[in-house]
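*Asks:* Before I ask anything, let me first share the structure, which is written out below as structure tokens.
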Amino acid sequence: MKNRNNYLIIWLLFVFLLSGCVANNEMSQVVEHLNKSNKQAQQVIAQLNKKDQAMTELVLDRNNQIKQLVKTQVQQFYYENLADLRQVIIQANSDISVLFDSSTQDCLSLVDAEVDSLTGLVSLAEQQAENLLTESKKYPDDKTLQLQAAKAAADYFGRLYSTNNIGLNAKKLCVDRLKAEKTIAEDKVNGFQTTQEAKLSEFLKSKVNEISAIKFIDISASQTHFDALLAWSHENEIAHNNTMMYLHASNLLSSEGILAHVIKGFSQGAIAVVVGKNVAIPSAADIGNSGQVLVDGLSKNSKEEFSSVLLNAKQGIKTIKDNIGININQIALNSVMSVLREKAEK
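Residue numbering for the sequence shown follows numbering that gives the first Met the number 0, starting at 0 and increasing by one per position.
Printed below as a string of structure tokens:
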């Protein structure tokens, strides 16, 4: 009976050892399979790392290109409005030149009209002088008549000379004052142009600085995460080696066994550095929309603001031209009044 029990014990021990060998074998296959998968994961991680870096560089380059695009558009708005402003100035100078030319002719015509009324008095004096001269010839011995004829002739020539001088002086006054006013007007327009171009230039500079300071969605390569994953896979290799070394020397199913320690070690390894953290990952739509919204927003605002500067400049030019018109009319009026004063004195 004792021998039977011994045989039974030996047989059970053999079965247990055989089962242990089978379990070790199967566990070895599992660990080898995990190690193979781990190596494949390393390759995938390395490829993803390269792709991530390439995509990051692409996005950053795209962001820079977007900024450059917006700067180019703003510069285009600047040059368009600068060209429009200069066209407005050219047209203003042309209008002013035409205005002064026509005003000069109008002023001279008004002076001539007033001088013509004085010419009537000259004609009367001429007629009187001729009549007295005729009478004096009839009576050459009449000294009184001779004296009257001489005075009438002197009065005629005096009136003729005075009338001509009045007209010439009035015309000279008109032309000189209009020329002086034209010079003042041109200086005002040129000064206004310089001021407005400086405003456009300063506005361009501020917009370019604003664009340069704009922050996009922050994009950076996930190098730390990939490094952690690669370190984790390296720990897997170490765990594999340790497991294979001690596989047959420990109870794999025990909570204190080598496999349990290896699995527990994973939770404390490099992967724990990044796993579980909240990592903000913007989507492709976020990145694209960010750039598009930036381009649309800045382009629209810049275009409107440049247009506002140009509109104010046009209004300023209109005000200058209106004031010039008032001054011109006053000059013409003063020129005519000088003739009227002379006429009243006569």
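Ideal placement from N, C-alpha and C gives every residue a C-beta, glycine not left out.
Predicted, not measured: the structure shown is a model, and the values here were computed from it.
Determine the closest residue to Leu199 out of Ala82, Ser96, Ser108, Gln314, with distance taken between C-alpha atoms.
*Replies:* The residue you call residue 199 lines up with position 200 of the sequence shown. The shortest C-alpha separation from Leu199 is found at Ala82.
*Asks:* CB Leu309 to CB Val87, shorter than 9 Å?
*Replies:* Within the sequence shown, residue 309 is the residue found at index 310, counting from 1. Within the sequence shown, residue 87 is the residue found at index 88, counting from 1. It is a contact, given that the beta carbons lie within the stated cut-off.
*Asks:* Tell me the rounded alpha-carbon separation between Ala91 and Gln127.
*Replies:* Translated into the one-based positions of the sequence shown, residue 91 becomes position 92. Translated into the one-based positions of the sequence shown, residue 127 becomes position 128. The straight-line gap from Cα to Cα measures roughly 54 Å.
*Asks:* Per DSSP, what kind of secondary structure is Tyr78 in: helix, strand or coil?
*Replies:* Position 79 of the sequence shown, counting from 1, holds the residue named residue 78. If DSSP states are grouped into helix, strand and coil, Tyr78 belongs with the helices.
*Asks:* To which residues of the same chain is Ser108 closer than 7 Å at the C-beta, ignoring the five residues directly before and after it?
*Replies:* For the purposes of this step, residue 108 is taken as the residue at position 109 of the sequence shown. Nothing meets the Cβ criterion.
*Asks:* Here's the rule I'm using: 16 or more other beta-carbon atoms within 10 Å means buried, otherwise exposed. How should Val73 be labelled?
*Replies:* Residue numbering aside, residue 73 sits at position 74 when the sequence shown is read from its first letter. By the neighbour-count rule (16 or more Cβ atoms within 10 Å), Val73 is buried.
*Asks:* Can you list, in chain order, the residues of its chain with a C-beta nearer than 7 Å to that of Ala312? Leave out the 5 residues immediately preceding and following it.
*Replies:* Residue numbering aside, residue 312 sits at position 313 when the sequence shown is read from its first letter. Closer than 7 Å at the Cβ level, and outside the excluded window around Ala312, lie Leu84, Val87, Gln195.
*Asks:* State the DSSP-derived secondary structure class of Ile213, mapped to helix, strand or coil.
*Replies:* As a working mapping, residue 213 is identified with position 214 in the sequence shown. DSSP places Ile213 in coil when its eight states are reduced to three.
*Asks:* Between the beta-carbon of Ser301 and the beta-carbon of Lys206, is there less than 9 Å?
*Replies:* Numbered from 1 along the sequence shown, position 302 holds the residue referred to as residue 301. Numbered from 1 along the sequence shown, position 207 holds the residue referred to as residue 206. Contact flag set, yes.
*Asks:* Could you tell me the distance, in whole angstroms, from the CA atom of Asp186 to the CA atom of Asn80?
*Replies:* What you label residue 186 is simply residue 187 of the sequence shown in a count that begins at 1. What you label residue 80 is simply residue 81 of the sequence shown in a count that begins at 1. Across the structure, Asp186 and Asn80 are spaced so that their CA atoms are roughly 22 Å apart.
*Asks:* Using CA atoms only, rank isn't needed, just tell me which of Lys66, Lys70, Asn62, Leu98 is closest to Asp321.
*Replies:* To locate residue 321, count along the sequence shown from 1; it is residue 322. A check of alpha carbon separations from Asp321 across Lys66, Lys70, Asn62, Leu98 identifies Leu98 as the nearest.
*Asks:* Using the C-alpha atoms, what's the distance from Lys171 back to Gly324?
*Replies:* The residue labelled residue 324 in the question sits at position 325 within the sequence shown. The residue labelled residue 171 in the question sits at position 172 within the sequence shown. When only Cα atoms are considered, Gly324 and Lys171 end up about 20 Å apart.
*Asks:* Give every residue of the same chain whose Cβ lies closer than 8 Å to the Cβ of Gln329, excluding the five residues on either side of it in the sequence, and list them in chain order.
*Replies:* By one-based count along the sequence shown, residue 329 stands at place 330. Cβ within range, chain order: n/a, list empty.
*Asks:* Roughly how many angstroms lie between the CA atoms of Tyr78 and Leu167, to the nearest whole one?
*Replies:* For this step, residue 78 is matched to residue 79 along the sequence shown. For this step, residue 167 is matched to residue 168 along the sequence shown. Roughly 49 Å between the two C-alpha positions.
*Asks:* Could you check if Ala184 is buried or exposed, using at least 16 other CB atoms within 10 Å of its CB as the buried criterion?
*Replies:* Translated into the one-based positions of the sequence shown, residue 184 becomes position 185. Burial call: buried.
*Asks:* Could you round the C-beta distance between Ile89 and Phe191 to whole angstroms and report it? I think they count as a contact, below 8 Å.
*Replies:* Mapped onto the sequence shown, residue 89 falls at position 90. Mapped onto the sequence shown, residue 191 falls at position 192. Going by Cβ atoms, the distance from Ile89 to Phe191 rounds to 13 Å, so no, they are not a contact pair.
*Asks:* Quick one: what does DSSP say Asp111 is sitting in, helix, strand or coil?
*Replies:* Counting from 1 along the sequence shown, the entry for residue 111 is found at position 112. Reduced to three states, the DSSP call for Asp111 is helix.
*Asks:* Using the C-alpha atoms, what's the distance from Lys70 back to Arg61?
*Replies:* Stepping through the sequence shown from its first residue, residue 61 is reached at position 62. Stepping through the sequence shown from its first residue, residue 70 is reached at position 71. For Arg61 and Lys70, the distance between alpha carbons rounds to 14 Å.
*Asks:* Using the rule of at least 16 other Cβ atoms within 10 Å of the residue's Cβ for burial, across every protein chain shown, is Ile213 buried or exposed?
*Replies:* On the sequence shown, position 214 is the one that residue 213 refers to. With fewer than 16 Cβ atoms within 10 Å of its Cβ, Ile213 is classed as exposed.
*Asks:* Helix or strand or just coil, what does DSSP make of Asp141?
*Replies:* Translated into positions along the sequence shown, residue 141 becomes position 142. Note: Asp141 maps to coil in three-state DSSP.
*Asks:* Hey, Leu177 and Ile327 are a contact pair by Cβ (cut 8 Å); roughly how many whole angstroms apart?
*Replies:* In the sequence shown, the residue the question calls residue 177 occupies position 178. In the sequence shown, the residue the question calls residue 327 occupies position 328. Yes, Leu177 and Ile327 are in contact; Cβ-Cβ is about 7 Å, under 8 Å.
*Asks:* Please name the residue in Gln314, Ile210, Ile319 whose C-alpha comes closest to that of Ile65.
*Replies:* As a working note, residue 65 is residue 66 in the sequence shown. Minimum Cα distance to Ile65 is reached at Ile210.
*Asks:* Starting from the C-beta of Asp94, find all residues in its chain whose C-beta is less than 8 Å away, skip the five residues before and the five after it, and write them out in chain order.
*Replies:* As a working note, residue 94 is residue 95 in the sequence shown. Annotation for Asp94: Lys320 place their beta carbon closer than 8 Å to its own, counting only its chain and skipping 5 residues before and after.
*Asks:* Leaving out five residues on either side along the sequence, give the residues of the same chain with a beta carbon under 8 Å from the beta carbon of Thr103.
*Replies:* Residue mapping note: residue 103 aligns to position 104 of the sequence shown, counting from 1. Taken in chain order, the residues that qualify are Cys173, Val174, Leu177.
*Asks:* Candidates Glu180, Asn208, Val188: which alpha carbon is nearest Gln314's?
*Replies:* Within the sequence shown, numbered from 1, the residue matching residue 314 stands at position 315. With distances taken between Cα atoms, Gln314 lies closest to Val188.
*Asks:* Roughly how many angstroms lie between the CA atoms of Gln75 and Asn164, to the nearest whole one?
*Replies:* In the sequence shown, residue 75 corresponds to position 76, counting from 1. In the sequence shown, residue 164 corresponds to position 165, counting from 1. Using only the alpha carbons, I get a separation of about 59 Å.
*Asks:* Answer with yes or no whether the minimum CB distance from Cys106 to chain C is below 9 Å.
*Replies:* The structure shown has no chain C; it contains just one protein chain.
*Asks:* Rounded to whole angstroms, what is the Cα-Cα separation between Phe305 and Ala45?
*Replies:* Within the sequence shown, numbered from 1, the residue matching residue 305 stands at position 306. Within the sequence shown, numbered from 1, the residue matching residue 45 stands at position 46. The alpha-carbon separation between Phe305 and Ala45 amounts to approximately 50 Å.
*Asks:* Once the 5 residues before and after Phe202 are set aside, which same chain residues still bring their CB inside 8 Å of it?
*Replies:* Locating residue 202 in the sequence shown gives position 203, counting from the first residue. Closer than 8 Å at Cβ, skipping near neighbours: Tyr77, Glu304, Phe305, Val308.
*Asks:* Measuring CA to CA, which of Gln147, Glu180, Leu68 is closest to Asp100?
*Replies:* Along the sequence shown, read from residue 1 onward, the residue named residue 100 stands at position 101. With distances taken between Cα atoms, Asp100 lies closest to Glu180.
*Asks:* What number of angstroms, rounded off, separates the C-alpha of Ala197 from the C-alpha of Thr318?
*Replies:* Translated into positions along the sequence shown, residue 197 becomes position 198. Translated into positions along the sequence shown, residue 318 becomes position 319. Computed Cα separation, rounded: 20 Å.
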